[in-house]
Amino acid sequence: MNGIHDMGGLTNFGPVVHEASEPVFHEEWERRVFAMNMAGLAFIGPIDRARHAIERMNAVDYLTTSYYEHWLAGLLTLTREFGYVTAEELSTGRAAAPAQLPFPAPSTAEVESLLRSGLPASRAMAITPGFAIGSRVRARNLELRGHTRLVRYVRGKVGTITACHGCHVFPDTNAHDLGENPQPLYTVRFEASELWGSDVMRKDCVHIDLWESYLQPCEERGSQP
Amino acid sequence: MSGHDDEHDHDGHPHHDAPSNPYHGSNRSPERNEALAQRVARIEGLLTEKGLFNKATLDRIVEIYEHDLGPLNGAKVIARAWVDPDYKQRLLDNATAAIAELGFGGLQGEHLIVVENTPAIHNVVVCTLCSCYPWPVLGLPPTWYKDAAYRSRVVIDPRGVLADFGTAIDDDVEVRVWDSSAEVRYLVMPERPAGTENLSEDELTRLVERDAMIGVRKVVLA
Chain A
1 MNGIHDMGGL TNFGPVVHEA SEPVFHEEWE RRVFAMNMAG LAFIGPIDRA RHAIERMNAV
61 DYLTTSYYEH WLAGLLTLTR EFGYVTAEEL STGRAAAPAQ LPFPAPSTAE VESLLRSGLP
121 ASRAMAITPG FAIGSRVRAR NLELRGHTRL VRYVRGKVGT ITACHGCHVF PDTNAHDLGE
181 NPQPLYTVRF EASELWGSDV MRKDCVHIDL WESYLQPCEE RGSQP
Chain B
1 MSGHDDEHDH DGHPHHDAPS NPYHGSNRSP ERNEALAQRV ARIEGLLTEK GLFNKATLDR
61 IVEIYEHDLG PLNGAKVIAR AWVDPDYKQR LLDNATAAIA ELGFGGLQGE HLIVVENTPA
121 IHNVVVCTLC SCYPWPVLGL PPTWYKDAAY RSRVVIDPRG VLADFGTAID DDVEVRVWDS
181 SAEVRYLVMP ERPAGTENLS EDELTRLVER DAMIGVRKVV LA
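Residue numbers (my numbering), protein chains in the order written: chain A, 1 to 225; chain B, 1 to 222.
Written out as structure tokens, the structure reads:
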């Protein structure tokens, strides 16, 4: 989807507001929202689905609410869609019926163990990467529905592969119960002049991680596919 | 600094096309916060009753992320690399393994990469799509990292964003922005400042602040 969350390259949000000695959480409710998302990940995950739930927020709400309100919105959307709660229960705060959970909630120790061990996205696959380090590639311009990590600001642009990370779970399908479909993940370097305009003379570049199906070969700089 | 003080770039031209976001968390009213607090408490009660988690688990998660993880972990990694060339090489070759040597790793740190600042290259990290950040070494991200102003602009105008932090980069230095669009997480190794040759690893650790490991500031001698 092309959503407001995909905001790389906009310049109209004003200066970055830095807070000295910022606490980890500003409010108690932020602690609880963070923890509910982490503890509930077993039921509302994978993380790609959780990210997409936030991306589906109304765009105006997305821009006018704070970070942990996004997490709250995602949590409510998914718990409702999975049928763990009803809209009425959410408004009253009272359970009308027990939740039909697919398995019991993980214990505190199990959750803690997961946080400490992590959830690697890499998968051992017998797939030969299609692109070598140093290859010129063009990010595809695709009409994408649902969740994707192919940001708009690189679509159609030409860059250079600088690293291959092996095969990683593909978010575009994993977010939608369509399988992990691991595929090679690359870091691609795009020059500022390629991304932002031929008049840009700054010595800047963006490195971004892109899956193989987001990319197509590009033998010559600036050539059309 | 507030960010409001710096309305002009080094040429004296205004470099912001818009005012500060009025919906920034710090501008939220006490009334709205109170309403959110009540709503979240109601939801926590409901989801707990439904069996998705229990209060003890939530309390433990908060404890871990508020007290166990934080930028001190990353600072230890950087200071070790500054004093131990072999460790630095391992860190640049395989950051996940080298950082695990110091006991750090886990969720949002499964695939770590360290990028090194040099006199010719300055690195800065962002997640334009959401808020991806290397939790095991930096803890949870600051509000500005998650705000629209930073996420949107640092890819197109990194030097302007760095100026918001009071960081000036020479024109002949290449600025590399790292957009964390997958599950790979990036940590910047700042340049070790001159005059620190006689400092111990512990003293160096205290010099390395979070913002330098994101790449929006440099490490300076206090």
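All residues carry an ideal CB built from backbone N, CA and C; glycine is no exception.
Exposed or buried, residue i, counting other C-beta atoms within 10 Å across all chains shown (16 or more means buried)?
i, result
"B/Q108", "buried"
"B/R206", "exposed"
"A/E55", "buried"
"A/G74", "buried"
"A/S66", "buried"
"A/A133", "It is worth fixing the name first, because residue 133 of chain A is Ile in this sequence and not Ala. Exposed: under 16 other Cβ atoms inside 10 Å."
"B/D164", "buried"
"B/N198", "exposed"
"B/D11", "Interpretation of B/D11 is limited by its pLDDT of 42, a score under 50 that renders its predicted location unreliable; the figure taken from the coordinates is listed afterwards. Counting Cβ neighbours within 10 Å, B/D11 comes out exposed, since fewer than 16 surround it."
"B/H67", "exposed"
"B/A97", "exposed"
"A/S21", "exposed"
"B/A182", "buried"
"B/S29", "exposed"
"B/Q89", "exposed"
"A/F43", "buried"
"A/N37", "buried"
How many angstroms separate the CA atom of residue i from the CA atom of residue j?
i, j, result
"B/L129", "A/M7", "7 Å"
"B/E37", "A/A105", "According to the sequence provided, residue 37 of chain B is Ala. The question's Glu does not apply to it. In a straight line, the C-alpha of B/A37 is about 24 Å away from that of A/A105."
"B/V216", "A/D61", "29 Å"
"B/G70", "B/L138", "5 Å"
"A/W29", "A/A175", "27 Å"
"A/A50", "A/T173", "13 Å"
"A/R136", "A/P46", "32 Å"
"A/L76", "B/D59", "20 Å"
"B/E290", "B/V220", "A query on residue 290 of chain B cannot be resolved here, the shown segment of chain B reaching from 1 to 222 and no further."
"A/C167", "A/A99", "36 Å"
"B/R80", "A/F82", "47 Å"
"B/V77", "A/S91", "47 Å"
"B/R32", "B/T143", "18 Å"
"B/Y133", "B/E49", "32 Å"
"A/R138", "A/C218", "6 Å"
"B/T118", "A/L101", "52 Å"
"A/C164", "B/V184", "11 Å"
"A/H70", "B/S131", "11 Å"
"B/G166", "B/K55", "42 Å"
"A/T11", "A/A95", "45 Å"
Let me know the secondary structure DSSP gives residue i once reduced to three states.
i, result
"B/V216", "coil"
"A/A163", "strand"
"A/P217", "strand"
"A/V17", "coil"
"B/A75", "helix"
"A/V24", "coil"
"A/E180", "coil"
"A/E194", "helix"
"B/I121", "strand"
"B/E174", "strand"
"A/M38", "helix"
"A/I4", "coil"
"B/Q89", "helix"
"B/P136", "helix"
"A/S117", "helix"
"B/S29", "coil"
"B/Q38", "helix"
"A/D199", "coil"
"A/S61", "Before going further, note that residue 61 of chain A is Asp rather than Ser in the sequence given. Residue state, collapsed to three classes: helix."
Quick one: what's residue i bridged to in DSSP?
i, result
"A/L210", "A/Y186"
"B/L112", "B/R185"
"B/D179", "A/I208, B/V126"
"A/V33", "Bridge partners of A/V33: none, in fact."
"A/V158", "A/R138"
"A/R123", "A/C167"
Please work out which residues of its chain come closer than 8 Å, Cβ to Cβ, to residue i, disregarding the five sequence neighbours upstream and downstream, and give them in chain order.
i, result
"B/R176", "V115, I121, H122, N123, V124"
"A/S117", "none"
"A/G146", "M1, H52, D172, A175, H176"
"B/V126", "Y145, Y150, R151, V154, V155, V177, W178, D179, S180"
For the ligand NAP, I want to know if residue i counts as a neighbour, meaning its beta carbon is within less than 8 Å of at least one of the ligand's heavy atoms.
i, result
"A/H5", "Within the structure as shown, the ligand NAP is missing, as the structure has no ligands at all."
Short of 6 Å in beta carbon distance, which residues of its chain neighbour residue i, apart from the five on each side in sequence? Order them along the chain.
i, result
"B/R192", "W82"
"B/F104", "N73, P136, V137"
"A/L119", "none"
"A/V111", "A39"
"B/L91", "A81, A98, V114"
For residue i, which residues of its own chain have a beta-carbon under 7 Å away from its beta-carbon, when the five flanking residues on both sides are left out?
i, result
"A/N181", "F170, T173"
"B/V169", "What sits at residue 169 of chain B in the sequence shown is Ile, not Val. Hits under 7 Å: H122, R159, L162, V175."
"A/Y68", "E30, V33, F34"
"A/V206", "F190, L195"
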